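Have a look at the structure below, then the notes.
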Amino acid sequence: MAQPDPYGADHRRRREPAIEAAYNTPCPRCGLPMLRGQKLHFGHTKDKGIEPWSKADRVEHADYDDCPTGGNTAAGGRLGRQIQDLKPSRVW
Ligand SMILES: [Zn+2]
63 MAQPDPYGAD
73 HRRRREPAIE
83 AAYNTPCPRC
93 GLPMLRGQKL
103 HFGHTKDKGI
113 EPWSKADRVE
123 HADYDDCPTG
133 GNTAAGGRLG
143 RQIQDLKPSR
153 VW
């Protein structure tokens, strides 16, 4: 059985041309050029953790392999931890 796709067909259809167009343009996180062969993510200007309805709208490095700032993966992890930290530690 196919895995449920969190992004859907629309995301997949738009991802390929977006990444193709992003090669040799600066990564929005670190400013270094995104090169063919690097791992790139089709990410969100507004993080999905904050606005789950937002659509992927920019290409960025995937992680620390290519991006000094950790790319999309590190940002998602940071956001997840922040959301976790904001949860009350007990019921008032
Ligand atoms: Zn980067």
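For my numbering, add 62 to where a residue sits in the sequence shown, where the first one is 1. For each residue, glycine too, the CB sits at the ideal point set by N, CA and C. All figures in this text were calculated on a predicted structure; none of them were measured in a lab.
Please confirm whether any heavy atom of ligand 3 lies closer than 7 Å to the CB of residue i.
i: tryptophan 115; result: As for ligand 3, it is missing from this structure, which binds only ligand 1.
Since I believe residue j is in contact with residue i (beta carbons under 8 Å), could you give me their beta-carbon distance rounded to a whole number of angstroms?
i: arginine 91; j: glycine 133; result: 6 Å
i: alanine 83; j: phenylalanine 104; result: Rounded, the Cβ-Cβ distance is 11 Å, inconsistent with contact.
i: tyrosine 85; j: arginine 98; result: 5 Å
How far does the alpha helix (DSSP H) with residue i in it extend, from its first residue to its last?
i: glutamate 113; result: Taken as a continuous stretch (DSSP letters only), glutamate 113 belongs to no alpha helix (DSSP H), as it is neither H nor E.
i: arginine 143; result: 133-148
i: proline 88; result: No alpha helix (DSSP H) holds proline 88; DSSP gives it neither H nor E.
Can you name the start and end residues of the beta strand (DSSP E) that residue i belongs to?
i: histidine 103; result: 102-105
i: arginine 120; result: 120-123
Which residues neighbour ligand 1 when neighbourhood means a C-beta less than 5 Å away from any of its non-hydrogen atoms? List them by chain order.
Cys89, Arg91, Cys92, His123 and Cys129
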